[in-house]
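Okay, so here's the structure we're looking at.
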Amino acid sequence: MISIGALAANAIWNEKAPVRAGHSTSVLIRADAPSGRPGDPPRVILVDPGLPPDALAARLAERANCTPEQVTHVFLTSFRPELRRGITLFERATWWIGEREREAVGVPLAAAAKRAMEAQDREAAGAIQQELAILQRCQPAPDHLADRVDLFPLPGVTPGLTGLIISGLRHTTLITGDAIPTADHLAEGKLFNPTVDVEQARASFEEAVEIADLIIPGRDNWFVNQTKKAF
Numbered sequence: 000m001i002s003i004g005a006l007a008a009n010a011i012w013n014e015k016a017p018v019r020a021g022h023s024t025s026v027l028i029r030a031d032a033p034s035g036r037p038g039d040p041p042r043v044i045l046v047d048p049g050l051p052p053d054a055l056a057a058r059l060a061e062r063a064n065c066t067p068e069q070v071t072h073v074f075l076t077s078f079r080p081e082l083r084r085g086i087t088l089f090e091r092a093t094w095w096i097g098e099r100e101r102e103a104v105g106v107p108l109a110a111a112a113k114r115a116m117e118a119q120d121r122e123a124a125g126a127i128q129q130e131l132a133i134l135q136r137c138q139p140a141p142d143h144l145a146d147r148v149d150l151f152p153l154p155g156v157t158p159g160l161t162g163l164i165i166s167g168l169r170h171t172t173l174i175t176g177d178a179i180p181t182a183d184h185l186a187e188g189k190l191f192n193p194t195v196d197v198e199q200a201r202a203s204f205e206e207a208v209e210i211a212d213l214i215i216p217g218r219d220n221w222f223v224n225q226t227k228k229a230f
């Protein structure tokens with residue numbers, strides 16, 4: 000755990016407007032390359048770099064004795080801005096995002112850029128072009144990111160939200176992104192707000208709860224899934 004995230008406004012705490020800077024939980028995964036690829040160097044994967052670059056670099060050093068240059072890959076569970084504030088810190092790394100999320104975000108971004116250009120709104124066009132540049136730098140993530148680390152689609156909150164499942168010897172750990180924002184959301188059965196497809200998000204929420212022994216949520220510390228009989 001590099002950084003524990005937070006919601007800008009938490010409805011469970013009766014917050015109706017932002018009261019803090021929202022940012023994602025950031026996780027560092029050190030693992031061998033996927034099976035069947037002997038000779039590949041180990042992978043150092045940072046998930047959802049939500050803090051600003053300077054703060055994130057400090058947390059990496061404090062929590063993992065890791066420099067930004069040692070991170071080989073960055074994975075985004077979704078393209079929400081609060082999940083990627085520090086992504087430019089990792090220029091040497093490969094950036095990954097779920098293919099469905101990449102496609103779902105790219106089309107409206109390109110359309111928005113075109114509208115801004117036609118309206119001669121240079122400020123808006125410049126901001127959108129920056130977003131497009133980040134998205135274009137993000138490659139569609141492979142199914143297997145590293146040994147025992149695989150994609151786990153959790154669509155609904157965003158069209159292509161994708162978590163990661165880590166298959167341990169005793170426990171299965173699921174990085175959920177905003178599919179499950181906090182432990183309180185799990186306890187109360189509440190979804191992230193806003194959500195683009197509530198029915199799909201609910202199905203993803205339930206699937207995550209069914210499969211995971213340990214959950215690393217999008218905006219909170221990790222926790223044991225108490226609904227699992229093993230616990």
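Heads up: the sequence shown at position 64 corresponds to 63 in numbering that gives the first Met the number 0, and the numbers run straight through without jumps.
We put the CB at the ideal spot given by N, CA and C, even for glycine.
How many whole angstroms separate the CB atoms of residue i and residue j, which I take to be in contact at a CB cut-off of 8 Å?
i	j	result
Arg91	Pro48	So it is not a contact: roughly 14 Å between Cβ atoms.
Ala124	Ala112	6 Å
Pro180	Asp212	Actually they are not in contact, since the Cβ atoms of Pro180 and Asp212 sit about 19 Å apart, beyond 8 Å.
Glu100	Gly159	3 Å
So what's residue i in DSSP terms, helix, strand or just coil?
i	result
Leu6	coil
Thr87	helix
Phe230	Residue placement at Phe230 cannot be trusted, given a pLDDT of 48 that sits under 50; what the coordinates show is reported in the next sentence. In this structure, Phe230 counts as coil in the three-state DSSP scheme.
Gly38	coil
Trp221	coil
Pro139	strand
Pro154	coil
Asp78	Here residue 78 is Phe; the residue named in the question, Asp, does not match the sequence. Reduced to three states, the DSSP call for Phe78 is coil.
Ser23	coil
Arg29	strand
Ala109	helix
His72	strand
Smallest Cα separation from residue i: which of the options?
i	options	result
Arg19	Gly4, Thr87, Ala111 and Leu160	Gly4
Leu82	Pro107, Leu50 and Pro67	Leu50
Arg169	Ile127, Ser2, Gly217 and Arg147	Arg147
Glu68	Phe89, Thr171 and Pro52	Phe89
So, residue i versus residue j, is the Cβ gap smaller than 8 Å?
i	j	result
Ile11	Ile86	no
Ala63	Leu27	yes
Pro33	Ala178	no
Trp221	Ile214	yes
Item to complete: Report yes or no: do three or more beta-carbon pairs, one from the stretch 193-206 and one from the stretch 150-158, lie closer than 8 Å?
Response: yes
Worksheet item: Taking three-plus beta-carbon pairs below 8 Å as touching, is the stretch 157-171 in contact with the stretch 67-81?
Response: These segments touch.
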